[in-house]
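Before any comments, here is the structure.
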Amino acid sequence: MTDRKSASSLEPEKADYAHMEHSSGNVTPTHDPKNQLYSGEKNVNAKLANPLAGITHAKLEEQALAFAHSHGLSAEADLIRKGALVAQDPLAFDSLSQLSESDKAELRREQTHRWDQPKTLYYLVALCSMAAAVQGMDETVTNGANLFWPKQFGLFPDDPKNPNAGRDQWLLGLVASAPYLCCAVLGCWLTDPMNRIFGRRGTIFITATLSWLTCFWQGVTNSWPHLFVARFVLGLGVGPKSTTVPVYAAECAPAPIRGAMVMMWQMWTAFGVMLGFVADLVFYHVKDTLHIKGLNWRLMLGSAGVPAIFVMAQVYMCPESPRWLMGKGRYPEAFDSLCRLRKTKLMAARDLYYIHTLLEAEEDVKKNSGFRITELFTVPRNRRAALGSFVVMFMQQFCGVNVIAYYSSTVFSQAGLGDIQAILGSWGFGMLNFVFALPAVYTIDTFGRRFLLLTTFPGMSACLLLTGMAFFIDNIHARTGVVAAGMYLFTVFYSPGEGPVPFTYSAEAFPLYVRDLGMSFATATTCNFVVGITFPRLLGAFRPQGAFGWYAAWNCVGWVLILLFVPETKALSLEELDQGQPDYTIYYITPTH
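In this note's numbering, the protein residues as written are 24 to 616.
The structure is reproduced here in structure tokens:
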């Protein structure tokens with residue numbers, strides 16, 4: 024293969040000029056007999072990788088002018104003509120005689136000053152960050168509330184004298200994990216139809232509204248079944264939002280900063296996790312009123328709806344995804360949107376024309392393909408993407424982080440701390456989770472996804488084992504110190520590795536024409552209903568030593584699965600991802616030169 028294109032350019036809008044970072048044009052096909060079985064699949068994905076490859080400049084200019092006149096953009100025809108030439112090979116713009124020196128200077132600055140972006144783009148970043156914070160708060164406000172509402176509703180999961188302790192432990196887990204049950208069986212699968220009908224902004228607005236309403240609803244419940252229903256409906260907001268926001272950010276971001284934009288979802292989710300613990304601390308000492316019992320935990324659960332209000336108010340001030348608008352045939356609006364999101368109109372024209380050619384290529388693929396949900400698992404290229412995404416998403420739940428996010432206050436209480444000290448200890452976890460997520464913006468594209476996972480999983484396993492074994496210590500001060508150290512060190516390993524990698528990896532792994540469906544599948548995998556519902560009972564039956572040992576063992580399993588089934592996309596070209604070699608796993612285990 025002549026074109027060694029880095030897969031780090033396959034950020035979630037591979038659709039938008041994914042080739043822009045390294046591609047130089049045509050892909051030379053290989054003639055290895057073992058690749059012939061997959062030649063059709065390779066052609067499809069190569070077409071999606073760079074649909075402008077091999078077209079002469081004269082023909083490309085003719086096509087670009089025809090496109091402008093036929094899509095209501097005649098006034099911008101000359102600009103789109105120049106943009107199409109740049110889109111064909113973005114690194115070779117200096118050789119284009121059709122561009123002025125000022126045009127070339129602007130394009131050079133885009134490469135050397137990648138964070139010099141319009142204010143509108145950073146406003147959109149703020150929106151996506153706030154949406155992620157909603158997600159994080161939803162996860163952790165229940166951590167502190169779990170110390171109070173079970174007793175008020177007649178559940179005593181931690182009372183050794185309670186003959187129904189086992190049942191109560193299951194019910195505690197059921198209520199805590201209810202949003203993720205809904206997310207897995209219903210919420211995530213609404214993503215595709217909601218995005219098609221309402222667009223990216225509409226989907227975010229609807230899900231933020233659901234999050235706000237259900238957070239308020241949780242605060243006025245009067246029984247555990249009522250609280251379960253409220254939290255179950257919350258899952259309708261959690262699932263589509265967690266899938267849509269990273270894709271929306273990716274489709275609006277220019278290629279040089281796309282990876283960092285997607286990374287911000289996990290980073291600001293970690294910030295929301297920390298905010299959730301802050302809310303637990305703020306409302307801990309709130310006293311009951313004459314007519315309201317349990318006001319403190321009600322305010323904890325309701326506080327997660329506050330960031331959702333800002334998302335609802337902000338989302339329609341941001342431009343709609345240009346790709347979604349073009350998919351609906353609204354090209355003038357898409358161009359206006361891109362002009363707001365790019366530094367110059369030439370860059371907007373370049374991206375507009377390239378996305379248009381991608382959409383046409385995607386339609387050709389759809390005409391010659393069967394059901395997308397079937398092809399997600401029957402086409403080798405898609406199946407490998409689904410397997411790799413499943414592994415990293417599954418292990419994000421079974422590595423043990425959500426056990427700490429949901430139940431760390433309970434664990435600290437069992438270690439010997441009082442309730443307020445337990446919540447304060449949980450806040451320490453949230454703070455570290457956010458602080459150590461910050462370097463991942465740099466490390467994920469520098470060291471690679473696979474490298475980060477393989478180097479952090481052993482540390483995560485050792486830290487969980489340390490946390491569990493600490494409960495054998497008799498001295499309460501030593502025990503709580505070691506438990507805290509184990510949890511905090513686990514967070515230090517998790518935050519730059521398994522924290523940010525899964526969403527970034529899953530978003531870039533799937534080909535364009537199954538991306539929405541693939542992300543729905545991957546996100547459904549993250550919905551940690553099983554982890555949430557089982558941990559209270561696991562803690563009761565196996566005690567903390569066995570419970571944390573269980574997840575320490577899963578980290579060892581995860582390390583092996585990543586070694587075998589998760590390619591390093593940073594170091595792999597698009598062509599190698601698409602060629603579907605039967606021995607592709609061995610390719611990553613053995614050294615290559």
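Even glycine gets a Cβ: it sits at the ideal position worked out from N, Cα and C.
Option nearest residue i by Cα separation, candidates the options
| i | options | result |
| --- | --- | --- |
| Ala168 | Val270, Gly225, Phe300, Val148 | Phe300 |
| Thr232 | Trp247, Gly258, Thr244 | Gly258 |
| Gln121 | Arg131, Glu133, His136, Leu102 | Leu102 |
| Ala438 | Val414, Phe400, Gly491, Glu99 | Gly491 |
| Gly242 | Arg132, Val164, Met297 | Val164 |
| Val424 | Leu461, Arg404, Met483, Phe400 | Met483 |
| Phe176 | His249, Tyr203, Gly159 | His249 |
| Arg406 | Pro269, Met323, Val589 | Val589 |
| Asp139 | Thr367, Gly563, Gly541 | Thr367 |
| Trp235 | Val261, Trp247, Asp215 | Val261 |
| Ser529 | Ala188, Thr267, Thr135, Gly159 | Thr267 |
| Ala545 | Leu83, Gly504, Phe400 | Phe400 |
| Ser518 | Met297, Thr79, Asn166 | Met297 |
| Ala293 | Thr433, Leu195, Phe228, Asn456 | Asn456 |
| Met217 | Lys264, Trp291, Tyr429, His379 | Lys264 |
| Phe533 | Gly441, Thr514, Trp577, Gly411 | Gly411 |
| Phe417 | Gly196, Phe526, Arg219, Ser118 | Phe526 |
| Leu194 | Ile556, Cys579, Ala575 | Ile556 |
| Ala445 | Ile427, Phe459, Tyr145 | Ile427 |
| Leu96 | Leu108, Val270, Ala357, Leu382 | Ala357 |
| Phe620 | Ala302, Thr479, Leu324 | The first residue shown for the chain is 24 and the last is 616, placing residue 620 beyond what the model contains. |
| Ser152 | Val334, Leu209, Cys211 | Val334 |
| Ala508 | Leu375, Gly451, Cys422, Pro559 | Gly451 |
| Glu99 | Leu375, Cys205, Trp320 | Leu375 |
| Glu383 | Ala372, Gly350, Pro279, Ser125 | Gly350 |
Range of the contiguous alpha helix (DSSP H) that encloses residue i
| i | result |
| --- | --- |
| Tyr517 | 499-517 |
| Gln121 | Counting along the chain, Gln121 falls outside any alpha helix (DSSP H), and DSSP gives it neither H nor E. |
| Asp117 | Here Asp117 belongs to no alpha helix (DSSP H), and DSSP marks it neither H nor E. |
| Arg137 | That residue, Arg137, is in no alpha helix (DSSP H); it is neither H nor E in DSSP. |
| Lys82 | 80-93 |
| Gly189 | 188-205 |
| Thr479 | 472-492 |
| Pro173 | 172-175 |
| Pro183 | Segment: none, Pro183 is in no alpha helix (DSSP H) and carries neither H nor E. |
| Phe239 | 214-241 |
| Thr433 | 424-438 |
Coil, strand or helix - residue i by DSSP
| i | result |
| --- | --- |
| Glu521 | coil |
| His45 | Because His45 sits at a pLDDT of 39, beneath the cut-off of 50, its placement in the model cannot be relied upon, and the point is left open. |
| Leu147 | helix |
| Ala460 | coil |
| Gly448 | helix |
| Ile609 | Confidence in Ile609 is poor, its pLDDT being 41 and thus under 50, which makes the residue's placement unreliable; the coordinate value appears in the next sentence. Residue state, collapsed to three classes: helix. |
| Glu343 | coil |
| Gly603 | Only weak support exists for where Gly603 lies, its pLDDT of 43 falling under 50; the value from the coordinates is given anyway. Gly603: coil per DSSP, three-state reduction. |
| Val50 | Note that Val50 has pLDDT 39, beneath the 50 cutoff, so the model's placement of it is unreliable and the number below is only indicative. Coil, per DSSP. |
| Leu96 | coil |
| Ser529 | helix |
| Gly210 | helix |
| Ser543 | helix |
| Pro567 | helix |
| Ser152 | helix |
| Thr557 | helix |
| Tyr61 | Low per-residue confidence applies at Tyr61: pLDDT is 44, beneath 50, and the placement is therefore not dependable, though the value from the model is reported in the following sentence. Tyr61: helix per DSSP, three-state reduction. |
| Gly106 | helix |
| Ile496 | coil |
| Asn578 | helix |
Short CB-CB distance (under 7 Å) between residue i and chain C
| i | result |
| --- | --- |
| Asn73 | In the structure shown, chain C cannot be found, because there is only a single protein chain. |
Sequence ranges, beta strand (DSSP E) only - wholly within the segment 348-405, length at least 3: none
Minimum length 4: unbroken alpha helix (DSSP H) runs contained in the segment 251-334: As far as the segment 251-334 is concerned, its whole alpha helix (DSSP H) runs of at least 4 residues are 281-306, 318-326.
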